[in-house]
Amino acid sequence: MSLLKRVKNLLRKPEPLKSEKSVMTLGPGDVCEVSLVTYQVVGRTKPLSRNSVWLTLRDGASIRYLSVEERATRQFGLYSVIDGRLDSVDEVPTEIELDGIHYFLEERYSTRISATGNTPFAETGGELYVWQYQSDNRKLLRIEWQDGRFMLYEGESVLPADVEWLRGNA
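Per this note's numbering, the sequence shown starts with residue 387, numbered consecutively.
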């Protein structure tokens, strides 16, 4: 190697380090394993004013949703869509009983969102209203509203050790 090439290599900027993959940065094309079930991430919704993400997961024909929220600790919830209807965004109750399970309102917020891939609400940048409920036996309920449309989800808390992620090809 000539002296000129050595000097050139010394003056060249080093390549930036690749950011480490985190569950907070997963997106369509990545793979996620939750409670020993492997899912492909097909959609991602990111609230712009919160440190959380809502991932749409697919396992064959089954669609599930993984809620990831960074607080003092990282919290996970795995949800499925349930049938239901509410009449008005102004009349969402603070307590709900479904199938003998009593849910209590834990948190209510609204935020603008960024969405990629297949998500329940395709409008990126729209205002999303969320009501999160919890029961005494760690069951979760989530209600979302955007542009006159409600989505209801029922789920369970997931231990952080039960969630693993892999980088996809996309």
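Idealized CB from N, CA, C, for every residue including glycine.
Arginine 528 vs tyrosine 519 beta-carbon contact at 9 Å: Looking up residue 528 in the sequence shown gives position 142. Looking up residue 519 in the sequence shown gives position 133. With a cutoff of 9 Å on beta-carbon distance, arginine 528 and tyrosine 519 are scored as near each other.
Residue from Leu441, Leu538, Glu419, Ile482 whose Cα sits closest to the Cα of serine 521: Along the sequence shown, one-based indexing puts residue 521 at 135. The option with the nearest alpha carbon to serine 521 is Ile482.
Continuous alpha helix (DSSP H) stretch holding lysine 394: start and end: For the purposes of this step, residue 394 is taken as the residue at position 8 of the sequence shown. Counting along the chain, the alpha helix (DSSP H) containing lysine 394 begins and ends at 389-397.
Cβ shell of methionine 410 (< 7 Å), same chain only, five flanking positions each side left out: Your numbering for residue 410 matches position 24 in the sequence shown. Within the same chain, methionine 410 has close Cβ partners Val439, Val454, Glu456.
Residues near arginine 460 by beta carbon distance below 8 Å, same chain, minus five either side: On the sequence shown, residue 460 is found 74 positions in, with the first residue counted as 1. Correct list, in chain order: Val409, Val454, Pro546.
Exposed unless 16 or more other CB atoms sit within 10 angstroms - verdict on valine 427: The count along the sequence shown starts at 1 and reaches residue 427 at position 41. When all chains shown are included, valine 427 counts as buried.
Distance between leucine 389 and serine 500 (C-alpha atoms, nearest Å): The count along the sequence shown starts at 1 and reaches residue 500 at position 114. The count along the sequence shown starts at 1 and reaches residue 389 at position 3. In a straight line, the C-alpha of serine 500 is about 51 Å away from that of leucine 389.
Stretch-stretch touch, CB-based, cutoff 8 Å, three pairs: the stretch 536-544 with the stretch 460-477: yes
Assigned secondary structure, threonine 431 (DSSP; H/G/I helix, E/B strand, else coil): Working through the sequence shown from its first residue, we reach residue 431 at position 45. In this structure, threonine 431 counts as strand in the three-state DSSP scheme.
C-beta contact flag for glycine 503 and threonine 424 at 9 Å: What you label residue 503 is simply residue 117 of the sequence shown in a count that begins at 1. What you label residue 424 is simply residue 38 of the sequence shown in a count that begins at 1. 9 Å or more divides the Cβ of glycine 503 from the Cβ of threonine 424.
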